[in-house]
Each structure stands twice: as C-alpha cells, then as structure tokens.
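In terms of the working numbering, the sequence shown opens at residue 39 and continues consecutively. Just so you know, even glycine gets a beta-carbon here, dropped at the ideal spot from N, CA and C. Please read all numbers here as calculations on a predicted model, not as lab measurements. The structure appears below as structure tokens.
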Amino acid sequence: MPEQGAPTPHLEQQTAAAGTEPPAAAVRRTGLLVTLLLGGLTATPPLAMDMYLPSLPEVTDSLRAPAATVQLTLTACLLGMALGQLVVGPMSDRWGRRRPLLAGLLVYVVATALCAVAPNVEFLVGFRLVQGLAGAAGIVIARAVVRDLYDGVAMARFFSTLMLIGGVAPIVAPLIGGQILRVTDWRGVFVVLTVIGALLAALVWVKLPETLPTAERHTGGVVDALHSMRRLLADLPFTGYMLTGGFAFAALFAYISASPFVVQEIYGASPQTFSLLFGVNSVGLVVVGQINGKVLVGRVGLDRVLGVGLLVVTAAAAALLLMTTGIFGEVGLFPVAAGLFVLMSAMGVTLPNAQSLALLRTKHSAGSASALLGTSSFLIGAVASPLVGMAGEDTAVPMAVVQLAAALVALLCFMAMCRPWNRRATTEGAES
C-alpha cells in the first residue's frame with residue numbers, strides 16, 4: 039500500500055514500461071524549481087489584478103471613465119479567467135499539460151502588452167478579457183499538475199505551499215504597483231506585467247516537465263469533456279465544495295475590487311499606504327495558509343478546518359457591515375482594516391481546503407475538475423465585482439453587504455451539500 043499523498047504510483051509503472059522517465063520522478067528531480075513554477079502560475083491572477091489596483095483611481099482620471107466602468111476592467115479579466123479554464127482544462131486532459139500552458143502564456147503576454155497601449159476604457163476592458171482568457175491556462179493547469187502527482191494529505195499540504203508562493207504576489211504586487219506609479223503612470227504597470235509573463239513562459243518552456251502520460255489522456259473531444267464535467271457536477275459533495283470555494287472567493291474578490299476606492303477615496307490614504315495595507319492582509323492569508331498546511335492538515339479533519347474558516351469569514355464580514363453602516367458611530371481606517379485583515383487571513387484555510395476536498399473526489403479528469411473549480415470561483419467573483427461599486431465611491435457598505443452575503447451562501451452550500459458530518463459522503467470519490 040503506497041504512502042498516502044505520494045506521487046501516483048500507476049503513472050510511474052506505465053511510463054517505466056514505456057522506457058521513459060516517470061513524471062513523478064521528473065518532478066522530484068527538479069522539485070523545488072517546479073514548485074516555484076507552479077506557484078508562479080498560481081500567482082497569475084494576483085499579478086494581473088493586484089499590481090494594477092493602486093492605479094485604479096488614476097485610470098479613472100486618465101481615461102475619463104466612471105469608477106464603476108473602470109472596475110469592469112477587473113470584471114473582464116476575472117470573467118476571462120473563468121471562461122478560459124473551461125476550455126484549457128479539458129484541453130490539458132487531452133493533449134497534456136505543457137502545450138496548452140505554453141500557448142496560453144504566449145497569448146497572455148501579447149494581451150498584457152496591448153493593455154499598456156489601450157486608448158480608452160473600452161479597449162482596456164477588451165484586452166483585459168483576452169488577458170484573463172489566456173491567463174486561465176496557468177491557473178487550471180497548475181492545479182491539474184498537483185492532482186497528477188499527489189493525493190490526500192500531501193495534496194492539501196502542497197496546495198498550502200502554493201498558497202505561500204502565490205501569496206507573495208498579492209503582498210508584493212500592490213507594493214510594486216505603488217512604486218511604479220512614482221516614476222510612471224498606470225500603463226507602466228502593464229509593461230512590467232508583460233515582462234514577468236514572458237519570463238514565466240520561458241521558464242515553463244525550459245524547466246516544467248510533462249506530468250500527464252499519454253496513456254492517461256482522454257482521446258474524446260468536446261462531447262467527452264462535457265460528459266466528464268457532467269459526471270463531476272452530478273456528485274453533490276463535489277459541487278458543494280466547488281460552490282463553497284466559489285462564494286468564499288467572491289467575498290475575497292469583493293475586497294480586491296472595492297478596497298482601492300474604500301481605502302484611498304473614502305479614508306484618504308495614499309496609493310503607497312493602500313499597497314502596504316494590502317500587503318499586510320496578504321501576509322495574514324499566507325501565514326494562516328502555512329499553519330493550515332504545516333500544522334492542521336493531517337491532524338484535524340479538512341472539513342472541520344474548512345467549517346471554522348467559513349465561520350470566521352462570516353463573522354468578519356458581519357463586523358465590517360456593522361462598522362460601515364455606522365452602527366458603532368464613525369470609525370476610522372484602522373478598525374475597517376482590522377476587519378479586512380481577519381477576513382483575508384481566514385481565506386488561508388478556506389480556499390485551499392475547499393479545493394483539496396473537491397479534487398479528492400476525482401481520480402481522473404483532473405483538468406476538467408480544476409476547470410470547474412476555477413470557473414465557478416471566477417464567475418461568481420466576476421458577478422461580485424460590479425456590485426461593490428453600485429452605490430458610488432463614497433460608501434463601503436456595498437462591499438460589506440456583498441462579502442456577508444457571499445460568506446453566508448458559502449456556509450449554506452457547505453452544510454447542505456457537502457454534509458461534513460457524514461464522513462462517508464465526504465470521502466467517497468465521484469469517480470471510480
């Protein structure tokens with residue numbers, strides 16, 4: 039009986055029989071670098087969005103567009119990442135991980151460069167949509183590679199490691215973005231993003247091995263991929279974990295979308311102060327994620343940790359709503375920042391465990407499963423983004439309302455569909 043969480047043994051047997059190096063062995067040989075690469079791919083969304091956040095008010099002035107319209111540049115990128123995963127995930131199950139990943143990164147670099155020269159907000163929204171569609175390749179394939187190689191507790195721990203690496207991006211991205219704005223305008227942010235994307239593509243080309251053997255690939259086309267997704271969605275706990283993670287992500291993205299205006303426009307902070315606060319919140323997420331991976335996973339049930347994380351997110355969102363509506367009187371930036379810090383930190387146990395519990399229910403079609411997880415999260419987040427700006431730039435109440443509503447729905451999906459008290463229901467896979 040192989041050790042739980044070890045690289046999948048049947049992949050090694052099949053590739054050894056074919057006379058080639060097994061993918062698990064290849065990853066072990068270049069383990070640290072591959073881990074960093076997967077973390078870099080996971081960091082694509084925060085790099086594409088968070089480095090751009092401090093410049094949102096400047097974009098509003100530069101392109102002479104209302105704040106709600108400029109926020110659509112975030113929504114378009116998020117929507118692109120959602121829809122792109124539905125395409126790239128099944129493609130990676132059919133053609134392997136490397137080719138779709140490299141193609142997606144190439145288009146991502148071109149689209150990001152076009153964002154830097156967008157003449158108006160309409161073109162910027164369109165280029166951001168393409169950027170998101172292409173950037174989806176890194177997100178979905180990174181998760182699929184992890185599922186190719188790991189299982190059980192080891193997979194949950196690896197996701198926490200990816201959260202550490204990917205969590206560096208939201209810490210440094212707004213800080214870099216704020217510093218870039220000292221020497222150039224918002225277009226310079228996209229120039230830097232273009233260079234980062236090109237470097238990541240080059241490293242993937244040279245260093246990332248293929249992890250899905252030919253024998254494990256699906257030979258069917260779109261119909262086969264749709265059947266695979268339908269089988270996954272028919273599994274109630276899988277769908278429950280998918281929706282739980284999706285609505286938790288919506289609470290997170292409501293913060294990402296609204297916080298530049300809340301912190302800078304309502305509370306009068308500078309872009310550099312906003313970047314610092316955003317970085318502190320991201321540190322909380324990373325630290326809690328590491329506690330999850332190094333301490334909790336393997337000692338406490340994943341469902342139990344996920345449930346506690348959801349309760350903390352809900353409590354923090356409720357506190358933010360009370361503060362922003364004036365129940366406690368006029369509050370300054372510090373109490374609101376503290377509430378956002380607690381909410382962000384709780385995501386360190388909520389998001390990786392929801393993903394791990396969902397992927398544990400599928401032994402095959404990891405690309406399709408990863409696509410469904412990512413698409414649901416980004417689609418729900420894309421809906422949340424414009425809602426936080428509906429009441430204008432002078433109130434933080436919509437942000438808190440969206441966060442609390444999303445957290446409550448996530449908690450409801452977890453309890454009603456995942457049935458965490460039923461161990462058999464939560465551990466039996468959707469596929470045999």
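#### Entry: Uninterrupted beta strand (DSSP E) stretches inside the region 147 to 201 (no shorter than 3 residues)
Runs found: none.
### For V335: DSSP bridge partner residues
V338
### Message
Beta-carbon within less than 6 Å of R67's beta-carbon, same chain only, minus the 5 sequence neighbours each way: which residues are those?
### Response
At R67, the pLDDT of 46 sits below 50, so the modelled position is not reliable and the matter cannot be decided from this model.
### Message
Taking 8 Å as the limit between beta carbons, can you name the residues of its chain near V145, skipping five residues before and five after?
### Response
V168, L171 and A172
### Task
Decide yes or no for the touch test of the region 177 to 191 against the region 374 to 392: beta carbon pairs closer than 8 Å, at least 3 of them.
No, they do not touch.
### Query
What residue range is occupied by the uninterrupted alpha helix (DSSP H) comprising W133?
Taken as a continuous stretch (DSSP letters only), the alpha helix (DSSP H) holding W133 covers A105 to W133.
### Task
Grab me the residues of F379's own chain with a C-beta within less than 8 Å of its C-beta, minus the 5 sequence neighbours each way, in chain order.
V318, N319 and G322
### Query
Between L344 and G77, what straight-line distance do the alpha-carbon atoms span, to the nearest angstrom?
The alpha-carbon atoms of L344 and G77 are separated by roughly 22 Å.
### Task
Rank V447, A409 and V97 by C-alpha distance to the C-alpha of T222 and give the top, closest one.
Distances from the CA of T222 to each of V447, A409 and V97 were compared; the closest alpha carbon is that of V97.
### Query
Would you call the CB atoms of T444 and A289 closer than 9 Å?
Residue identity check: residue 444 is Ala in the sequence provided, not Thr. Result yes, Cβ atoms of A444 and A289 sit closer than 9 Å.
### Query
In terms of residue numbering, what span does the alpha helix (DSSP H) encompassing T89 cover?
One detail in the question is off: residue 89 reads as Met in this sequence, not Thr. Counting along the chain, M89 falls outside any alpha helix (DSSP H), and DSSP gives it neither H nor E.
### Query
Which residue spans inside the region 215 to 275 form an unbroken alpha helix (DSSP H) run of at least 4?
224 to 245 and 260 to 272
### Task
Using three-state DSSP, classify I365 as helix, strand or coil.
coil
### Query
Skipping 5 residues on each side, what residues in its chain have a beta carbon closer than 7 Å to that of A64?
Because the pLDDT of A64 is 48, which lies under 50, any placement of that residue in the model is unreliable, and the question is left without a value.
### Task
With DSSP as the reference, label T98 as helix, strand or coil.
helix
### Query
For G57, which residues of its own chain have a beta-carbon under 6 Å away from its beta-carbon, when the five flanking residues on both sides are left out?
Low per-residue confidence applies at G57: pLDDT is 42, beneath 50, and the placement is therefore not dependable enough to give any value.
### Task
Using the Cα positions of M89 and G364, report the straight-line distance between them to the nearest angstrom.
31 Å
### Message
Tell me which residues share the same chain as L274 and place their Cβ nearer than 6 Å to its Cβ, disregarding the 5 neighbours each side in the sequence.
### Response
M455
### Task
Go ahead and pull the three-state DSSP assignment for Y279.
helix
### Query
Relative to the C-alpha of L417, which residue among Q393, G118, D99 and V72 is closest?
With distances taken between Cα atoms, L417 lies closest to G118.
### Message
Under 8 Å, with one C-beta from each stretch per pair, do the region 334 to 344 and the region 102 to 118 reach the 3-pair mark?
### Response
no
#### Entry: Supposed contact pair L74 and A194 - C-beta distance, whole angstroms, cut 8 Å
Actually they do not touch by this definition, with Cβ atoms about 19 Å apart.
### Query
Do you know whose CA, among I234, M87, A375 and R220, lies nearest A434's CA?
A375
### Task
Give me the Cα-Cα distance between F285 and A384, rounded to the nearest whole angstrom.
Spanning the alpha carbons of F285 and A384 requires a straight line of approximately 14 Å.
### Query
Apart from the five residues on each side of it in sequence, which residues of its chain come closer than 6 Å, Cβ to Cβ, to A151?
T232
### Message
Is it buried or exposed, S308, if we count other Cβ atoms within 10 angstroms and call 16 or more buried?
### Response
Exposed is the call here.
### Query
Which value, in whole angstroms, describes the spacing of the CA atoms of V108 and P157?
13 Å
### Message
Let's test the definition: count the other Cβ atoms within 10 Å of the Cβ of D131 and tell me whether it reaches 16, buried, or not, exposed.
### Response
A residue is called buried when at least 16 other Cβ atoms come within 10 angstroms of its Cβ; D131 meets this threshold and is buried.
### Query
In three-state DSSP terms, what is P212?
helix
### Query
Nearest CA to the CA of V244: which residue from Q441, V227 and R136?
R136
### Query
Between which two residues does the alpha helix (DSSP H) harbouring Q302 extend?
Premise fails: Q302 is in no alpha helix (DSSP H) and is neither H nor E.
### Query
What's the C-alpha gap between L238 and G142?
12 Å
### Query
With 16 other CB atoms within 10 Å as the buried threshold, where does G134 fall?
buried
### Message
In the DSSP assignment, the alpha helix (DSSP H) including T433 goes from what residue to what residue?
### Response
Premise fails: T433 is in no alpha helix (DSSP H) and is neither H nor E.
### Message
Let me make sure I understand the geometry here. Which of R102, V178 and L250 has the alpha-carbon closest to that of A409?
### Response
V178
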